[in-house]
Amino acid sequence: MLSIETFVIVSVIKIVIALFVLLTAVAYTVWLERKVVGHIQNRWGPTRVGPFGLLQPLADGIKFLFKEDLTPPHVYKPLYIAAPMIALVCALTSISVIPVGNWVTVAGVHTPLQITDLNIGLLLILGITSMGVYGVALAGWSSNNKYSLLGGLRASAQMVSYEVSLGLSLVGVLIVAGSFSLRDIVEAQGGHFWGFIPKWNIFYGGQIVAFFIYLISAYAETNRVPFDLPEAESELVAGYHTEYSAMKFAMFFMAEYANMITVACVASLLFLGGWHGPVFGPPILQALLPIFWFVLRVFAFLFIYIWVRGTLPRFRYDQLMAFGWKVLLPLAIANLVITALVVTLRS
Amino acid sequence: MIHLILFLIFGAICVAGAVNLLAQRHPINSALSLVVVMGSLAGEYLLLGAEFVAAIQVIIYAGAIMVLFVFVIMLLNAGAEEDTGGSRVALLFGVPGMLIGTVLMAWVLLERSGTQAVSMGALPGPPKTIGWLLFHDFLLPFEVTSVLVLIAIMGAVVLASHPESVQQRNKES
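Sequences listed follow chains A and B, in order.
Take the first sequence: its position 252, counted from the start at 1, is 252 in my numbering, and no numbers get skipped.
Take the second sequence: its position 126, counted from the start at 1, is 126 in my numbering, and no numbers get skipped.
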C-alpha cells in the first residue's frame, strides 16, 4: 500500500503524462488522417510544415489559438459556451480507466500503467460517453440555427440508438471475463489455446460477431464516416458546429478524435487481448514491449477508421436508423443469448 | 471523514439542482438541472459503496432518458414558459403537505436507523450480488416488470402509429 502523499504525487504524474500523450495522439491522428486520406485520393496530404508535414498539427494548434473567437449574436450564450467544454471533458475523462500495460516499479513505487483501476471501469467509460451526447446536442440547440439544430438532433438520435447495440455487444465479453475491470478482462486473455492461437476474446471467447457489432456501433457513436450525418456537409453546412470558430471549434474537433482513440483502446482491450504479445530481451524491453503491442493495436484501429473514411460513402438517415435497430440490435441480442448459453454449459 | 464531506457536497448539489429545476423558466435549463440531480445522486450511490447502481444511474437516467427529454424539447423547440402566478390550491395544500411529509420522513428515518452514517460496502452493491438478487430472490417481480415495460412499449407504438394507414392496410388484405 502506498502512503497518501505518494499516492497523490503518483496519480498527478500519471494524469499529466496520460493527458499529454492523449492530446499529442489526437493531434497526430489528425495528421495521419490527412496524410492517409490524401494518399487514398492520390494526393500528398500535408507536406510543407516540417519533414512529411509532421509539424502541421502544431501549426494548426497555433492557428486555432490566435484566430478570432466569434460568438454570433443570436446564440443562447451559457449553453453555447458550455457545450464544447462538455464534449471535450467527457472525451478526455474516459482515458482515466484505460490500462496501457502491466505493473511497473519506478523509483521504488510499484504502480499499474493506468490512472486508476476501477471495478466498474467499463461502465464508467459507457457512462461518460453517454454524457458526451449533451455536448453535441446542446451545441446544436444553443446555436439557434436550423442546420445546427438538425445536426444536434441527428447526433443525439443516432448516438442513443447505437449505444444500445454497443452496450449489448460488450455484455458478451463481460460474461466471458466475469468482471467489469478492464485490467481483469485483459489479464483473462493471456496465454494460448491449441498451442498457437492467442486466447483473445475475439477467438477464444467466440466474440467475433460482437467485435464487428462493436466496431460498427463505435463508428456511429463517434459520428464518423459512414455515419457522419450530424455534420453532413452537403446537407447541413457543418452540422452542430456550424456556428463555432477558433478554439471552441477546435474543442469539438479534439473531442471527436479523443473519442476515436478511446474507442480504439476499448476495442483492443476487450477483444484483441490488450497488451499481450511476445515479450523478450532485457528488463527495460520487457517493460516497454507490452505498451508497444497495445499502441500497435490502437494504431491499427485508427488506421482502419481512416481507411473506411477514405472508402465508404455516407448512409441515408432512414438507412442508418433501420440498420441500427433492425440489424445490429437483433444480432447483438442473439450473440448475448448464445454466449450466455455456451458459458453456462461450459461451466 | 472525507466520505461524509463528499456525501454532504453531493447532497447539496442534488438539492440545489432540484430547486433550480423548479425555478428555471426555460424547459431545457430545467432538463439540464435534472441531469445534475441524477449525476449527484450517482455520486451518493458511489459513496455508499453501490458502484454498479451509480454507474447504471449515469448510463440510464443521465445518459439515455434525459437525452431523450432534451431531444424532445429541442424537437418541439419549446420556448420559455409564462409565469402564471401559481395556483392558490398549491399554496394552501401543497406547501404544508410537503413540510409535513418532510418532517415525517426525517422522523421515521431518525427513529428507525439511528444517526450513524452507512459505511462503504454495507449495502449490496457489486454486480454479482445484484445479479443474484435479480435472478434468484426477486425473479418473479423482475420478470413481471419486464412484461409491464413491454405493455408500455406496445402502448407507445399504438399511439404513434397512424390509424388511417392501418385501416388502409386492413382493407387491402
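No residue lacks a Cβ here, since even glycine has one placed at the ideal position from N, Cα and C.
Counting Cβ pairs, one atom from each stretch, are 3 or more of them under 8 angstroms apart for the segment 265-281 of chain A and the segment 93-103 of chain A?
Enough Cβ pairs lie closer than 8 angstroms, so yes.
How far does the beta strand (DSSP E) with Leu288/A in it extend, from its first residue to its last?
In the first sequence, the residue the question calls residue 288/A occupies position 288. Segment Pro283 to Thr311 is the alpha helix (DSSP H) holding Leu288/A; no beta strand (DSSP E) there.
Name the residue from Gly53/A, Met159/A and Val26/A whose alpha carbon lies nearest to the alpha carbon of Met321/A.
Walking along the first sequence from the start, residue 321/A turns up at place 321. Considering only alpha carbons, the answer is Met159/A.
Look at the alpha carbon of Ser11/A and the alpha carbon of Leu19/A, and state the distance between them as a whole number of angstroms.
By one-based count along the first sequence, residue 11/A stands at place 11. By one-based count along the first sequence, residue 19/A stands at place 19. If I take the Cα positions, the gap works out to 12 angstroms.
Please identify, using Cβ separations under 7 angstroms, the residues of the segment 104-130 of chain A that lie next to chain D, in order along the chain.
The chain inventory of the structure shown lacks chain D, comprising the protein chains A and B.
Answer with yes or no whether the minimum CB distance from Gly63/B to chain A is below 7 angstroms.
Translated into positions along the second sequence, residue 63/B becomes position 63. Yes - at least one Cβ of chain A is within 7 angstroms of the one on Gly63/B.
Decide if Val109/A is buried, meaning its Cβ has at least 16 other Cβ atoms within 10 Å, or exposed.
For the purposes of this step, residue 109/A is taken as the residue at position 109 of the first sequence. Flag for Val109/A reads exposed.
Rounded to whole angstroms, what's the CA-CA distance from Gly131/B to Tyr219/A? Just pull it up for me.
Counted from its first residue, the second sequence places residue 131/B at position 131. Counted from its first residue, the first sequence places residue 219/A at position 219. Rounded to whole angstroms, Gly131/B to Tyr219/A spans 31 angstroms at the Cα level.
Who are Leu92/B's beta bridge partners in DSSP?
Taking the first residue of the second sequence as position 1, residue 92/B is located at position 92. Paired residues: none, contrary to the question.
Counting along the chain, where does the alpha helix (DSSP H) carrying Gly127/A start and finish?
Reading the first sequence from its first residue, position 127 is the one you call residue 127/A. Start and end: Gly121 to Ser142.
What residues from the segment 272-306 of chain A come within 9 angstroms of chain B, judged by C-beta to C-beta, listed N to C?
Correct list: empty, as no residue qualifies.
State the Cα-Cα distance for the pair Asp117/A and Ile128/A, rounded to the nearest angstrom.
The residue you call residue 117/A lines up with position 117 of the first sequence. The residue you call residue 128/A lines up with position 128 of the first sequence. Between Asp117/A and Ile128/A, the C-alpha separation is close to 16 angstroms.
Relative to the C-alpha of Ala91/A, which residue among Gln56/A, Ile261/A and Val171/A is closest?
If you number the first sequence from 1, residue 91/A lands on position 91. Residue Ile261/A is the option with its Cα nearest to Ala91/A.
Taking one C-beta from the segment 15-32 of chain B and one from the segment 241-259 of chain A each time, how about it: are there three or more such pairs within less than 8 angstroms?
With the cut-off at 8 angstroms, the segment 15-32 of chain B and the segment 241-259 of chain A do not touch.
Within 10 angstroms of the Cβ of Leu122/A, are there 16 or more other Cβ atoms? Answer buried if so, exposed if not.
As a working note, residue 122/A is residue 122 in the first sequence. Flag for Leu122/A reads buried.
Using the rule of at least 16 other Cβ atoms within 10 Å of the residue's Cβ for burial, across every protein chain shown, is Thr6/A buried or exposed?
One-based indexing of the first sequence puts residue 6/A at position 6. It counts as exposed.
Would a check of beta-carbon distances place Trp194/A closer than 7 angstroms to chain B?
On the first sequence, residue 194/A is found 194 positions in, with the first residue counted as 1. No, Trp194/A does not count as interfacial toward chain B.
Taking 7 angstroms as the cut-off, decide whether the C-beta atoms of Phe10/B and Gly43/B are in contact.
If you number the second sequence from 1, residue 10/B lands on position 10. If you number the second sequence from 1, residue 43/B lands on position 43. The answer is yes: Cβ separation under 7 angstroms.
Under DSSP, the beta strand (DSSP E) around Leu133/B begins and ends at which residues?
For the purposes of this step, residue 133/B is taken as residue 133 along the second sequence, with counting starting at 1. It is not in any beta strand (DSSP E) - Leu133/B carries neither H nor E in the DSSP assignment.
Under 8 angstroms between beta-carbons, which chain B residues line up against Leu153/A? List them in chain order, please.
Working through the first sequence from its first residue, we reach residue 153/A at position 153. Those are Phe71, Met74 and Leu75, listed as they occur along chain B.
Chain B partners of Leu157/A, CB-CB under 8 angstroms?
Indexing the first sequence from 1 puts residue 157/A at position 157. Note that residue 157/A is Ala in the sequence shown here, rather than Leu. Ordered by position in chain B, the residues that pass the 8 angstroms Cβ test against Ala157/A are Phe71.
For Lys248/A and Ile81/A, I'd like the C-alpha separation in whole angstroms.
Along the first sequence, one-based indexing puts residue 248/A at 248. Along the first sequence, one-based indexing puts residue 81/A at 81. Distance between the alpha carbons of Lys248/A and Ile81/A is about 8 angstroms.
Starting from Asn102/A, trace the beta strand (DSSP E) both ways and give me its first and last residue.
As a working note, residue 102/A is residue 102 in the first sequence. First-last of the beta strand (DSSP E) with Asn102/A: Gly101 to Val106.
Once DSSP output is grouped into helix, strand and coil, what is the label at Val237/A?
Counting from one through the first sequence, the residue named residue 237/A turns up at place 237. In this structure, Val237/A counts as coil in the three-state DSSP scheme.
Can we say the segment 299-311 of chain A touches the segment 132-143 of chain A, given the rule of at least three CB pairs closer than 8 angstroms?
At 8 angstroms Cβ cutoff, the stretches do not touch.
What do you get for Gln319/A, buried or exposed, if any count of 16 or more other CB atoms within 10 angstroms of its CB means buried?
Position 319 of the first sequence holds residue 319/A. Gln319/A should be labelled exposed.
For chain A, find out if any of its Cβ atoms is closer than 7 angstroms to the Cβ of Val58/B; answer yes or no.
Locating residue 58/B in the second sequence gives position 58, counting from the first residue. Taking Cβ atoms only, chain A reaches closer than 7 angstroms to Val58/B, which makes this a yes.
Residue range of the alpha helix (DSSP H) that Val109/A falls in?
Position 109 of the first sequence, counted from the first residue, corresponds to residue 109/A. Run containing Val109/A: none in the alpha helix (DSSP H); it sits in the beta strand (DSSP E), Val109 to Leu113.
Please confirm whether Phe252/A and Pro84/A have their CB atoms less than 7 angstroms apart.
One-based indexing of the first sequence puts residue 252/A at position 252. One-based indexing of the first sequence puts residue 84/A at position 84. It is a contact, given that the beta carbons lie within the stated cut-off.
Mind checking whether Leu336/A and Val171/A have CB atoms under 7 angstroms apart?
Taking the first residue of the first sequence as 1, we reach residue 336/A at position 336. Taking the first residue of the first sequence as 1, we reach residue 171/A at position 171. For Leu336/A and Val171/A, yes; Cβs fall inside 7 angstroms.
Measure the CB-CB distance between Ile185/A and Ala340/A and report whether it falls below 7 angstroms.
Here residue 185/A refers to the residue found at position 185 of the first sequence. Here residue 340/A refers to the residue found at position 340 of the first sequence. No.
Just grab the DSSP bridge partners of Phe193/A for me.
As a working note, residue 193/A is residue 193 in the first sequence. Phe193/A pairs with Ile197/A.
Rank Ser161/A, Ala27/A, Trp103/A and Ile17/A by C-alpha distance to the C-alpha of Gln286/A and give the top, closest one.
Numbered from its first residue, the first sequence carries residue 286/A at position 286. The shortest Cα separation from Gln286/A among Ser161/A, Ala27/A, Trp103/A and Ile17/A belongs to Trp103/A.
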